[in-house]
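Here is the structure we will look at, set down as structure tokens.
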Amino acid sequence: MADHPDINLARRRMLRKIGLGAGLAYIAPALSGLSVARASGGSGGGGSSGPSGPSRPGRGSGGSTRNSTRQREPRRVTQQQPARPPAPRPPEIVALVPAGQPLGPALAAGFTALAQNDLGLPDGVLVRFGLPQGRGLSDALADLGTLLPGTLADENHLYRPDDFLCEGADCGAHAMIGWTGWPSAMRPRLGMIDTGINTDHPALQGRRLTVHQVDLGERDSAGRQHGTAIAAMLVGSVEGRVPGLLPDATLIAVEAFHRSGSTEQADAFSVTSALDLMLRERVDAINMSFSGPANAVLERMVARAAEAGIALVAAAGNGGPGAEPAYPAAWPDVIAVTAVDHRERIYRQANQGPYVALAAPGVNVWTAASISGGRLRSGTSYAAPFVTAALAVERLRAPDLAVEEVTAQLFACARDLGEAGFDPVFGHGLVGAPGQCHGAGQVFSVSGE
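Going by UniProt numbering, the residue at position 190 of the sequence shown is 190; the numbering climbs one at a time, nothing skipped.
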């Protein structure tokens, strides 16, 4: 008996549904595979797009609908593996071991002495320890205190430069704080702890510049971009596009940073070693354009430097308004510097808090590039040198005053910004160049007159 027409129609509809479902079940894996391949290579097709240029649509992803639905022989897609980030650094300990204390008990317990530095201080020997296998950081710190009595130990924290590359109009940072001259008679001994420095950069040729490097052990040296920029801001040639703040000063620079993957960082061992060298060099002021967490060993060395009469200046940090305090800037012996733009507005990435002492130009600041020429950069890193230079000159103008007295004078002469009086955003206000400051019956002048 012939099927009823309604039954035939129902069968045809069912077959079409089955065929369509089977087609989707077959096509979906191929589309899924192509999607994964694109994602693993970055945004856009082909996996080659990124910050350097716009993405280009790959075949079958962003082309016409007609091409994407045409029946073709399946293509073999080779999935590119994403770049593997560097393995996290195993935790380490930095310790001040009393002089004469043998390390044998710690080494026998499985600790590894990765590096050590005989400090020129009564604290003894600075040691960078690797942890015993299978031992956690907190337990290892407790063990070390028992094995080496009298030792001050902490995690070997990491510190990073406080900078960001930016683009925009040329800067007027010097004029913004009234820095219009360079006292040739003013030749302070400045110190800086930073990344590598290109001493062959035109801005640094012929400068009174000495560069040291701490023992980085098995680690690679950091690049020269950040350190070259800061050095040029401090002592760059007067013939450059933007002259250094104190081109006749002597600059003692310590390269303390190493490279870890694409990151440049310094640990507490390296920074502490660098500060010890600064004490030996008897510098007047130290610029520290980097930040990280609090560290007991590094804090001890910062206090030693302050006791020796060295002025300490550090970047306030680029963590943003809600970030935790950044160190070394947040220690009481250090002047923390935040960054403002040419309209005296706070840098949007700057840390805020009661430890912020002064503001200085730090947005779209023109300074030396790593090889030649220059670039515009932003960050609290680039604000700190203005305060370092101003403090160094005022110390020379009043050599009989303690660092605390000169610092107080600098605070009193700052131009108030934001809320009236001291505030956690701008501190005491915008630093003024030497010569802008009048107080206690004395005029500080960049000309020395």
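Using N, Cα and C, we set each Cβ at its ideal position, and we do this for glycine too.
- Item | Collapsed DSSP secondary structure at histidine 342 in the structure displayed | coil
- Message: Just verifying my parser: in three-state terms, what is the DSSP assignment at threonine 195?
- Response: coil
- Item | DSSP bridge partner residues for valine 365 (one or two, in chain order) | Answer is Arg377.
- Message: Between methionine 288 and proline 385, how many whole angstroms is the CB-CB distance? I'm expecting something under 8 Å.
- Response: Contact doesn't hold; Cβ gap of about 11 Å is too wide.
- Query: By Cβ distance, which residues of its chain are closer than 6 Å to alanine 383, with the 5 residues on each side in sequence left out?
  - Reply: Here the set comprises Val337, Ala339, Ala360, Gly362.
- DSSP three-state call for leucine 430: helix, strand or coil? strand
- In three-state terms, what does DSSP make of serine 273? helix
- Item | Whole-angstrom distance between threonine 210 and isoleucine 252, CA atom to CA atom | 5 Å
- Where valine 214 and alanine 113 are concerned, what is the direct C-alpha to C-alpha distance, given to the nearest angstrom? 16 Å
- DSSP on glutamine 213, reduced to helix/strand/coil? It is a strand residue.
- Cβ pair arginine 259, aspartate 220 closer than 8 Å: Yes, the Cβ-Cβ distance between arginine 259 and aspartate 220 is below 8 Å.
- When the Cβ atoms of the stretch 404-416 are set against those of the stretch 269-277, are three or more pairs found closer than 8 Å? Taking 8 Å as the limit for Cβ pairs, the verdict is that the stretch 269-277 does not touch the stretch 404-416.
- Query: Can a CB atom of chain C be found closer than 8 Å to the CB of leucine 190?
  - Reply: In the structure shown, chain C cannot be found, because there is only a single protein chain.
- Message: If you reduce the DSSP assignment to three classes, tell me which class leucine 246 lands in.
- Response: Three-state DSSP puts leucine 246 in coil, outside helix and strand.
- Query: The alpha helix (DSSP H) spanning isoleucine 230 covers which residue range?
  - Reply: Annotation for isoleucine 230: the continuous alpha helix (DSSP H) segment containing it runs 225-235.
- Would you mind sorting residue 451 into buried or exposed? The rule is 16 or more other CB atoms within 10 Å of its CB. The shown model of the chain, from 1 to 449, leaves out residue 451, and the question about it has no answer.
- With respect to the alpha helix (DSSP H) encompassing glycine 104, which residues constitute its N-terminal and C-terminal limits? That run of the alpha helix (DSSP H) goes 104-108.
- Who are the near neighbours of asparagine 156 in its chain, counting only those whose CB is closer than 7 Å to its CB and skipping five residues on each side? Around asparagine 156: Glu92, Ile93, Val94, Arg128, Asp267, Ala268, Phe269.
- Item | Sub-8 Å separation of glycine 261 and asparagine 318 beta-carbons | no
- Residues bridged to threonine 151 (per DSSP): In DSSP, threonine 151 forms no bridge with anything.
- Query: By DSSP, does aspartate 118 sit in helix, in strand, or in coil?
  - Reply: The three-state reading of DSSP puts aspartate 118 in strand, counting E and B together.
- Item | Local Cβ density within 10 Å of isoleucine 310, reported as buried at 16 or more and exposed below that | Taking a 10 Å sphere around the C-beta of isoleucine 310, we find 16 or more other C-beta atoms and assign the residue as buried.
- Item | Beta-ladder partner(s) of phenylalanine 290, from DSSP | Pro161
- Message: So residue 452 and valine 425 are supposed to be a Cβ contact under 8 Å. How far apart are they, rounded?
- Response: Look at the range of the chain in this structure, 1 to 449, and you will see that residue 452 is not part of it.
- Task: Look up glutamate 394 in the DSSP assignment and say whether it is helix, strand or coil.
- Result: Residue state, collapsed to three classes: helix.
- Item | For cysteine 171, the three-state DSSP class (helix, strand or coil) | A caution first: cysteine 171 carries a pLDDT of 41, below 50, which makes its placement in the model too unreliable to give a value.
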